[in-house]
Every structure is written in structure tokens, then in C-alpha cells.
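Residue numbers (the numbering used here): 9 to 458. In what follows, a structure is listed as C-alpha cells, so that the remarks can point back to it.
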Amino acid sequence: MNIKYIISISSVTALGGFLFGFDTAVISGANLYIQSYFELDDLAFGFVVSSMLIGCALGALGSGTPSSLFGRKKLLLLTAILFAISAVGSGLATTTIGFIIYRVIGGLGVGAASMLAPLYIAEVSPAKIRGKMVSLNQLAIVLGVTVAFFSNYFLSSLSETVSWRWMLGVEVIPAIIFFILLFFVPESPRWLISKGKLEMSQRILTKINGKEQAALIEAEIESSLKEELKTKRSVLSSYRQLFKPAFKKATIAVIILASLQQLTGINIIMYYAPNIFENIGIGKSVAIFQSISIGFCMSLFTIIAMFLVDKIGRKKLLKWGSLGMALSLFILGIAFSFDLKNTYFILFLILSFIAFFSLSAGPIIWVLISEMLPNEIRSAGISIATFFLWITNYLVSLTFPVLLNTFKGRLSGITFSVYGIFCLLLFYYAIKYLLETKGKTLEEIKDLIK
């Protein structure tokens, strides 16, 4: 097994996750300025901030079929182009409509990358290290978040009329780097086999696993694809297969997991952290600086999760992490209800929630989504799951500013408690329904779910 090669191609692909995280978090700094610049009320502000998520949902849903037709790599190259266009366009926007259009374009890139990066990494990674490698994508996401928070802090020293433009525009740099490095990454061997390109897939599998293992893996993949190739099933028909008896359990499971990940409220912290800190009396620049600690916390605990996911397993991490998230949010709700405006205590509770999320729902759900779906429906299934993830994210992000301003003062704790209830639902689902997939090949997982 060529660990260095696996890490290198997975790391390049995970740059899609980095851009996903950067794009998600960078808006939190710009939020403090764009509401006044575009003269937006709370509902319009929520729509502008969450407009990217419309593109995310469409990008996730629309990338499944093209990735099956043209390959994972070509679609990843397209996402890099979309990120670059969005960064420049939103940074130069002078009208609300123009800003929204470019954010939606960026959302298309985020949505496609959120589906394609874990899919590709899962398909090139051996079973023994697949959890760790797919978690690398989550680490890239949180590193993107951290870099965005740092970037926002340093750029906030510029005048209010231009600082938010630079915050959004600098994303063009990692987008270009991502585009260039993708030319050094091979196509997914599983996709190549599905297209009958056995010689090319054999070369890649040999480079990843060694010659002897490569032959066994290729035979296993060919066997799992046999029925699909024999019946000459079209790519579009794979969407119709999702809810047929053989695949229904896996499809419903990944949709539930994807939706619950967002209903935990993680992205209200990502998008609105400076606003939350500003609400307890902290100035704009300091509020942005406080957000950096969130990025550091996410990075640290995601790294820890990477080392635990293939040892402890997916189920245990998700179960106890979701319980920890629920407790953190309930206590945060109580703190706001009693009007406790102790900055350090509020920050501690937010970081506690972030730590538990980064140990569990953050990386684990992406791992599960990428490995629970059989090859016949994997791209379509991940596409549907990430579509539901972004739609849920959109609804949460759209309503949060309204909730935060409706339930003011002591009532603001209600908002955080609602998300705490969803964390408990995730805890219950992990205990009751989740199957452990640690150490199993993608083909073994298919049989386990059946």
C-alpha cells in the first residue's frame, strides 16, 4: 500500500473541502458590513447570506450524473473554476442581485465539491485507512474555516467599504492552486472500471495497493458492477434505483444523517459567530478575532477524530459526540436565558459544541455517506444526500437571524435549545439504527446493509 501516494492525491482532492470551508466561513466576517452596505432588513439579510446555499443544493444534486458520465476529476476541475468566478464576482459586486448571483455560483462549486471530494477519496482509499482519508476532507474543510477567520480578522482593519470585498475576493488564490494541482491527480479507478477502462484502472490500483492486491480489488469491484454493466443501466436510472428495496435503507440512512448534521446548528456558528459575539457586547474586530478560536478548535478535534475513526469506529464517536453537542447547546440556551453575558463562558460553551461536532458529526457523517452507498448508486446517492444537507443548511441559515432577533434577551436561549433537540435526535438515531462500517470494504458494507 503506497501511503504517501494515497495521502498526496487525497490531499489535493481535499482542497475542494478547503474551499468549501473557506467559502462557508468567509461570509461571517463580511456579514458585519454587507447588511449596512446593501441596506438589508433581517429577512433580506438572512436570504443574502444563505443565497449561496441555493447553489450548494443545486450543485450537489446536479453533480451526480455528470460525475458518473464524465468522471470525478473533470467535475472537480469545474468546481475550481466556479470558486474562482464567485470569489472575484462577489468581491466586486455593487448590487444585491449581483452579489447573490455570484454567491450562488460559488454555491454550485461548494455543493459539487462537498459531494465529489469524499466520493473520490473513498473510491481511491483502501478499507483500512478509508475513514482516516475521508476525514482528511473534513480536516481540509475546517482548515479552510480557520484560514477564512484569520483572513477576515486581518482584512477587517481596512475601511468598511472595502474590507468585506477583500474578504470574499482572496478566495481566488486557493481556487487557482486547486485547479492546477488537479492535473496531477488520477481519475477514480472505480469510475474507470465502470466505463470498461480496465488497463488505466489497473495502473492506478497497482500504484495505490501494489500489484497483487490490485488484481483482487479490481476483481471485487468488477463483481459489484457486474449486474449494472450486464443490464446496461443508464446513469439517470441510478436515481430511480435509490428507493428500490435493495438500496432504500442505505438511501434513507444517508439522507437522515446529512439532514441531522445541519440541524445540529453547526453552520449558524460558522455564518453568524461574529454576530453572536457582537450581541453580547463585543466590538466587530474583536468579534471576528474570537471566531479564530472556533477554527483552531475545529482543526484540533478533527485531527483527533481522524486517528480515532478507524480505531474506535464511526458509531461510538457519533453517539457520544452528538450527546456532547446537545448538552453544550442546552447549557448555552440556559446561559442566554439568564442573560449571562460572560464572554469567556459563552465562548467556552460554543467551543465545547464545536469540539464535540468535530469529533463526531463533522467528519463521521461524511465518512458514512461516502461508504454506505453501493457502487451502483454511489454518485446518485451522495448527490441526493448532499442536496438534502444543503437544503437543510439553507433553511437553518435563513431562519436564524429572524429567530435571534425575535427571541431577544432572556428568550434567545430558546433558539439554541431547538438545535440541542436535534442533536438528541442524532444521538438516538446513532444508537438505534446505525451500523458499524469500520474496517470493511465498500463491497462488504453493501452486503451488511442488505
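For each residue, glycine too, the CB sits at the ideal point set by N, CA and C.
Could you tell me the distance, in whole angstroms, from the CA atom of residue i to the CA atom of residue j?
{"i": "Trp172", "j": "Ser405", "result": "20 Å"}
{"i": "Leu308", "j": "Phe315", "result": "11 Å"}
{"i": "Leu403", "j": "Lys448", "result": "35 Å"}
{"i": "Ile11", "j": "Leu411", "result": "47 Å"}
{"i": "Ile89", "j": "Ala156", "result": "19 Å"}
{"i": "Leu456", "j": "Ser44", "result": "54 Å"}
{"i": "Ile439", "j": "Lys81", "result": "36 Å"}
{"i": "Glu230", "j": "Ile302", "result": "44 Å"}
{"i": "Ala266", "j": "Tyr161", "result": "31 Å"}
{"i": "Lys240", "j": "Ile422", "result": "For Lys240, the pLDDT reaches just 46, beneath the cut-off of 50, and the residue's location in the model is therefore unreliable, although a value from the coordinates is still provided. If I take the Cα positions, the gap works out to 53 Å."}
{"i": "Asp347", "j": "Glu452", "result": "52 Å"}
{"i": "Ile277", "j": "Phe191", "result": "35 Å"}
{"i": "Leu355", "j": "Ile137", "result": "34 Å"}
{"i": "Leu213", "j": "Ser196", "result": "9 Å"}
{"i": "Glu444", "j": "Ser378", "result": "14 Å"}
{"i": "Ile300", "j": "Tyr13", "result": "32 Å"}
{"i": "Ile390", "j": "Leu51", "result": "31 Å"}
{"i": "Phe107", "j": "Arg211", "result": "45 Å"}
{"i": "Ser167", "j": "Gly99", "result": "14 Å"}
{"i": "Tyr461", "j": "Ile93", "result": "The first residue shown for the chain is 9 and the last is 458, placing residue 461 beyond what the model contains."}
{"i": "Ala22", "j": "Leu144", "result": "7 Å"}
{"i": "Val170", "j": "Ile105", "result": "18 Å"}
{"i": "Leu442", "j": "Leu434", "result": "10 Å"}
Check for me: the alpha helix (DSSP H) holding residue i runs from which residue to which?
{"i": "Lys440", "result": "421-440"}
{"i": "Asp31", "result": "11-45"}
{"i": "Ser209", "result": "206-217"}
{"i": "Leu271", "result": "256-271"}
{"i": "Gly329", "result": "322-345"}
{"i": "Glu168", "result": "168-177"}
{"i": "Pro74", "result": "50-78"}
{"i": "Asn383", "result": "Neither: Asn383 is in no alpha helix (DSSP H) and is coded neither H nor E."}
{"i": "Leu116", "result": "104-132"}
{"i": "Lys252", "result": "No alpha helix (DSSP H) contains Lys252, which DSSP labels as neither H nor E."}
{"i": "Leu163", "result": "135-163"}
{"i": "Pro182", "result": "180-189"}
{"i": "Ser202", "result": "197-202"}
Does the distance from the CB of residue i to the CB of residue j come in under 8 Å?
{"i": "Trp374", "j": "Ala65", "result": "no"}
{"i": "Met175", "j": "Gly115", "result": "no"}
{"i": "Gly72", "j": "Met123", "result": "yes"}
{"i": "Ser366", "j": "Val34", "result": "no"}
{"i": "Gly54", "j": "Pro371", "result": "no"}
{"i": "Cys431", "j": "Thr310", "result": "no"}
{"i": "Phe361", "j": "Gly329", "result": "no"}
{"i": "Phe187", "j": "Leu83", "result": "no"}
{"i": "Ala68", "j": "Thr394", "result": "yes"}
{"i": "Lys140", "j": "Gly321", "result": "no"}
{"i": "Gly24", "j": "Ala130", "result": "no"}
{"i": "Thr32", "j": "Asn413", "result": "no"}
{"i": "Ala313", "j": "Leu325", "result": "yes"}
{"i": "Ser164", "j": "Gly37", "result": "yes"}
{"i": "Gly97", "j": "Trp199", "result": "no"}
If residue i sits next to residue j, beta carbons under 8 Å apart, how far is it from one beta carbon to the other, in whole angstroms?
{"i": "Ile17", "j": "Val193", "result": "5 Å"}
{"i": "Pro382", "j": "Ala258", "result": "7 Å"}
{"i": "Leu340", "j": "Ile358", "result": "7 Å"}
{"i": "Asn217", "j": "Pro134", "result": "6 Å"}
{"i": "Tyr427", "j": "Leu335", "result": "The Cβ separation is near 12 Å, so there is no contact."}
{"i": "Gly29", "j": "Ala148", "result": "7 Å"}
{"i": "Gly177", "j": "Ala95", "result": "6 Å"}
{"i": "Ile392", "j": "Ile260", "result": "Incorrect: roughly 10 Å between the Cβ atoms, too far for contact."}
{"i": "Phe7", "j": "Gly117", "result": "Residue 7 is absent from the structure shown; the chain starts at 9 and stops at 458."}
{"i": "Phe387", "j": "Ser19", "result": "Strictly speaking, residue 387 in this sequence is Ser, with Phe absent from that position. So it is not a contact: roughly 22 Å between Cβ atoms."}
{"i": "Leu27", "j": "Pro182", "result": "6 Å"}
{"i": "Phe255", "j": "Ile385", "result": "5 Å"}
{"i": "Thr154", "j": "Met306", "result": "7 Å"}
Is any beta-carbon of chain D found at less than 8 Å from that of residue i?
{"i": "Ile277", "result": "The displayed structure is made up of one protein chain only, and chain D is not part of it."}
Could you check whether the Cβ of residue i sits closer than 7 Å to any heavy atom belonging to the ligand HEM?
{"i": "Val112", "result": "The ligand HEM is not part of the structure shown, which contains no ligands of any sort."}
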